[in-house]
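So the working numbering is basically just the index in the sequence shown, starting at one, shifted up by 33.
Backbone N, C-alpha and C define an ideal beta-carbon position, used for all residues, glycine too.
Down below is the structure, laid out as structure tokens.
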Amino acid sequence: MRNWLAHLPFNETLRPEILEYSVEMPDIPAAWDGLCLMHLSDLHFHGTPEREWYQAVLDHCQGRQPDLVLCTGDIVDGTAFHQWVGGTLGRLKWKEKGLVVLGNHDSWYGPEHLRKDLKRLGFIELGNRWEVIQVRGEPMVVGGIETPWFGGDPNMQDAPGGIFRLLLSHTPDHLHWAAGHQVDLMFAGHVHGGQVCLPAFGPLVMPSKHGRSLDRGWFQQGKTILYVSKGLGGTHPLRWNCRPEVMLVTLRRAEKSNER
Ligand SMILES: [Fe+2]
């Protein structure tokens, strides 16, 4: 049934796009000018697309040699598909760090086992916590927020000030929270861009308390810049006007910044 759906005319489930952006930010160290971040979300391993399809997409992206790989959850849709993780996400390489949070679908299928697998692959697992990492020799606060599906919010108010803050969140609904915690750059998924988007109407379903207002792409609140991914998979392999994606963004340092 799922394979049949995936091959419906106009279904874009098997037509990934690699999106590339450049974002100018005033508050980054000079060493981060040109820093490349790869963002993946909502892979939803469940059999369709097949493991080889994910492998081909990720192998293609590897040519960009990202500095940071960011994954914002909904990796598996079934405990049996934990065995795909090593052969897919395990192929990814990064120059600096790989960071991950889990999503609501992960919470239903052995999340603690999944966290162990991801750590074993070298990812820094950021479930409702923060830490300071070094990126090209400069400190960066990295946090993850997995509420409402896991635990409580990370105590980012305790994170050191004056350091760039990056936040991974499964849902974009935490944009207001991020803006209140001086987050500079946030990545999210969860809403899949609506997945089925009708001409002149838009997405049929949008699982966000903000409706369609944070559906896909770039947003800003205060100084916080948010990117919302359409995701790479989905529980139901049906996409119209909403191609699966991997996003690569290059940070550029705005000239007006003070030297750090
Ligand atoms: Fe999802």
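- Short of 6 Å from the beta carbon of Arg-249, and not among the five residues preceding or following it, lie these beta carbons of its own chain, in chain order: Gly-226, Val-261, Lys-263.
- With respect to the 8 Å criterion, Gln-95 and Leu-76 are not classified as neighbours on the basis of their beta carbons.
- Put simply, the backbone Cα of Gly-120 is about 7 Å away from that of Gln-88.
- When secondary structure is reduced to three states using DSSP, Cys-69 falls in the strand class.
- Contact check between the segment 169-177 and the segment 191-199: three or more CB pairs, one atom from each, fall below 8 Å, which counts as touching.
- Contact between the segment 162-172 and the segment 141-149 is absent: fewer than 3 CB-CB pairs across the two stretches fall below 8 Å.
- The alpha-carbon separation between Asn-36 and His-243 amounts to approximately 32 Å.
- When DSSP reads this structure, Glu-278 sits in a beta bridge with Glu-50.
- Looking at Leu-101, Leu-284, Leu-122, the one whose alpha-carbon comes closest to that of Glu-85 is Leu-122.
- The beta carbon of Arg-162 sits closer than 6 Å to the beta carbons of Pro-187 from its chain, once the five residues preceding and following it are set aside; these are given in chain order.
- The way I'd put it, the segment 37-52 does touch the segment 268-287; three or more beta-carbon pairs between them come closer than 8 Å.
- At least one heavy atom of ligand 1 sits closer than 7 Å to the Cβ of Gly-264.
- For Ser-241, there is no enclosing beta strand (DSSP E), since its DSSP letter is neither H nor E.
- Counting only runs of 3+ residues, the beta strand (DSSP E) found wholly inside the segment 124-169 occupies 130-133, 162-168, in chain order.
- Membership of Gln-253 in the beta strand (DSSP E) is indicated by the continuous run 250-254.
- Taking the CA atoms as reference points, Phe-220 sits about 15 Å from Ile-108.
- Each of Asp-75, Asp-107 has a C-beta closer than 5 Å to some heavy atom of ligand 1; these make up the full list, in chain order.
- Taking a contact as a CB-CB distance under 8 Å, the pair Met-189 and His-214 counts as one, their CB atoms being some 4 Å apart.
- Residue environment: Gln-167 is assigned as exposed (fewer than 16 neighbouring CB atoms within 10 Å of its CB, all protein chains considered).
- Rounded to the nearest angstrom, the gap between the Cα atoms of Thr-81 and Gly-136 is 19 Å.
- With contacts defined as CB atoms closer than 8 Å, His-203 and Gly-106 qualify as a contacting pair.
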